[in-house]
DNA sequence: GCCGTTTTCGGCCCGACTGTTTTCAGTCG
């Protein structure tokens with residue numbers, strides 16, 4: 247079992263304990279351990295082999311025992327017992343903003359409700375407001391929350407799906423008779439939320455059955471939904487649907503094309519082919535997976551048979567990509583190799599896990615040339631936002647570290663809160679001293695559009711605000727965007743020369759691909775930032791890149807593909823200065 | 001639950017906001 251899977255299991259234990267009404271500190275211990283495991287550099291399995299599980303911070307005797315059981319058997323008797331005690335629907339309710347464990351317990355005890363459907367119905371029938379401590383506002387929050395959850399129903403964030411897909415791919419590749427394994431479908435196209443994980447296996451020998459038998463026993467597998475001759479459909483314990491398709495090696499590429507989709511892209515191709523007098527089938531794209539008759543060696547070969555350049559998976563959404571490809575105007579999509587630095591991360595100074603040095607080492611290991619340290623500001627107490635003294639002390643440490651570094655620059659930045667009244671959380675004199683200022687909203691989420699826009703406008707017009715962080719505030723499947731007028735935000739960003747962030751955290755992916763593409767039309771520069779709270783999460787850059795690529799963005803559009811000199815000159819604060 | 005130490009239990013991050021009440025509990029970040 248991987249650290250990520252262990253982390254999911256502990257997270258679920260924590261949630262179920264919370265709903266059960268266990269003491270908050272116990273609950274927190276599970277959640278804390280889950281978070282630490284997720285970002286642990288060494289695999290827990292290796293630590294366990296050496297008998298060193300308890301060396302993991304936040305893991306004591308009890309948690310070590312539970313982790314050991316998971317590692318040895320792939321299951322947890324404790325978790326299974328919890329799942330029996332707490333109806334699983336109750337855990338889903340935790341995702342409704344404004345509804346916590348205590349309220350869920352009240353609702354469960356009084357109304358015996360165990361599913362989101364029943365909860366919605368009770369809210370509609372105005373039964374929630376009759377319960378002690380709950381009122382009409384909570385009822386409204388429930389209805390809104392259920393709506394949001396419905397939208398993301400049966401979908402999981404790319405940040406969950408992709409690691410899972412990679413895990414399955416790795417393990418499938420190790421099996422005998424397997425020639426090639428790749429992910430396909432919406433995961434390959436980089437969709438922020440995916441309904442299922444499609445995996446394609448090309449085999450040189452043996453048959454699918456023996457392979458399926460191995461996979462069905464995988465510890466992540468909760469149930470097998472369907473087995474057909476070349477198709478296995480299963481659900482994992484984390485609720486993700488995984489579809490595994492098996493084809494003979496020679497049919498791999500054509501099948502991969504088909505499974506990657508999207509349907510809208512295939513349709514666009516179909517229209518183009520018809521006009522041009524081609525047949526998609528003859529060129530290699532089957533109309534059904536079972537009907538592959540053309541053996542391609544690569545996807546490039548397919549597109550070239552249609553006289554088209556290769557169209558990247560992220561563009562295959564039926565958004566005009568075929569027409570643009572035909573005209574030879576496809577964007578040169580930004581790639582990880584283009585990224586020269588990360589402009590948003592946290593360290594131990596605020597709520598991050600690692601030291602500045604550790605973050606810098608991780609950034610250098612990724613081949614970056616620069617890294618901006620951007621802690622939370624003083625008002626954000628929960629995240630240990632920096633006092634003035636701490637901020638200046640950190641700035642000094644960064645200056646010292648920079649003197650030791652060759653070919654790398656640490657920027658002394660700050661993620662300053664945009665306060666509910668539109669002021670920033672530090673005085674201008676302080677902000678003027680920083681290398682880079684990100685302004686973000688972390689409070690007063692429920693203000694109306696007028697108030698929100700006043701705050702954002704004040705921040706965007708501020709002479710020392712270089713980047714607007716996670717501009718809409720949405721959390722995927724958890725929280726909708728603030729009440730803002732996005733078009734107006736874009737106008738203001740363009741007018742004031744403020745950079746907009748594509749926050750790469752898989753929980754956010756904010757701006758989204760539609761807004762990012764709009765931003766490009768406005769000529770607004772974007773930054774893809776991970777907002778990493780530990781060194782491992784610098785890897786989230788790939789999710790931000792998926793958004794950027796789906797938004798048709800090129801390296802030129804992304805400021806952190808630029809050399810540091812050019813980037814610094816572009817910052818609002820430096821635009822009129824000679825550096 | 002963990003942790004640290006003062007070896008054996010008390011502290012663990014807490015302040016703001018909101019909604020429900022009418023002085024505070026629950027939720028959130």
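In my numbering, the protein residues as written are 247 to 825. C-beta atoms are modelled at their ideal positions from N, C-alpha and C, and glycine is treated no differently.
- A distance below 7 Å separates the beta carbons of residue 700 and residue 668.
- Judged by DSSP secondary structure, residue 749 falls outside any alpha helix (DSSP H) and instead within the beta strand (DSSP E) spanning 745-749.
- Rounded to whole angstroms, the gap between the alpha carbons of residue 358 and residue 349 is 13 Å.
- According to the DSSP assignment, residue 805 belongs to no alpha helix (DSSP H), since it is labelled neither H nor E.
- Between residue 702 and the set 659, 681, 682 and 746, the nearest pair of CA atoms involves 746.
- Per DSSP, the beta-bridge partners of residue 725 are 721.
- By a beta-carbon distance limit of 8 Å, residue 793 contacts residue 758. Their separation comes to about 7 Å.
- Annotation for residue 468: 481, 482 and 483 place their beta carbon closer than 7 Å to its own, counting only its chain and skipping 5 residues before and after.
- By the neighbour-count definition (other C-beta atoms within 10 Å, threshold 16), residue 539 is an exposed residue.
- Annotated as distal: residue 427 and residue 437, with beta-carbon spacing of 7 Å or more.
- Per the coordinates, the alpha-carbon of residue 411 lies some 38 Å from the alpha-carbon of residue 385.
- When secondary structure is reduced to three states using DSSP, residue 352 falls in the helix class.
- The count of Cβ pairs closer than 8 Å, one atom from the segment 615-632 and one from the segment 658-674, reaches three, so the stretches are in contact.
- Under the 8 Å Cβ criterion, the segment 581-588 does not count as touching the segment 596-604, having fewer than three qualifying pairs.
- By the Cβ neighbour-count rule, residue 296 is exposed, with fewer than 16 other Cβ atoms within 10 Å of its own.
- Residues 312 of the same chain have their beta carbon placed closer than 6 Å to that of residue 324, with the five preceding and five following residues left out of the count.
- Under the rule that a run must span 4 or more residues, the alpha helix (DSSP H) segments found entirely inside the segment 358-422 read 362-370, 382-397 and 404-419.
- 7 Å or more divides the Cβ of residue 407 from the Cβ of residue 447.
- Under the three-state reduction of DSSP output, residue 621 falls in the strand class.
- Scanning 643, 429, 652 and 651 for the CA closest to the CA of residue 659 turns up 643.
- For the alpha helix (DSSP H) assignment, the uninterrupted runs of no fewer than 4 residues enclosed by the segment 468-506 are, from N- to C-terminal side, 498-506.
- Short of 8 Å from the beta carbon of residue 810, and not among the five residues preceding or following it, lie these beta carbons of its own chain, in chain order: 586, 587, 615, 616 and 655.
- Checking the DSSP bridge columns, you'll see residue 661 partnered with 622 and 684.
- In this structure, DSSP gives residue 453 a state outside helix and strand, which the three-state scheme calls coil.
- Residue 618 is a Cβ neighbour of residue 657, given a cutoff of 7 Å.
- Under the DSSP assignment, residue 274 falls in the alpha helix (DSSP H) whose first and last residues are 270-284.
- Within the same chain, and ignoring the five residues on either side of residue 734 in sequence, the residues whose Cβ sits closer than 7 Å to its Cβ are 699.
- An exposed status is given to residue 470, since fewer than 16 other beta-carbon atoms sit within 10 Å of its beta-carbon.
- Per the C-alpha coordinates, the member of 444, 449 and 281 positioned closest to residue 420 is 449.
- Residue 273 and residue 347 have their C-alpha atoms some 11 Å from each other.
- Assignment of residue 753 by DSSP, reduced to helix, strand and coil, places it in the coil class.
- Taking every protein chain shown into account, the CB of residue 807 has 16 or more other CB atoms within 10 angstroms, so this residue is buried.
- Counting every other CB atom within 10 Å of its CB across the protein chains shown gives residue 379 a total below 16, marking it as exposed.
- Put simply, the backbone Cα of residue 383 is about 12 Å away from that of residue 376.
- A check of alpha carbon separations from residue 732 across 688, 431, 764 and 489 identifies 764 as the nearest.
- The beta carbon of residue 360 sits closer than 6 Å to those of 333 and 335, all from its chain and outside the five residues before and after it, given in chain order.
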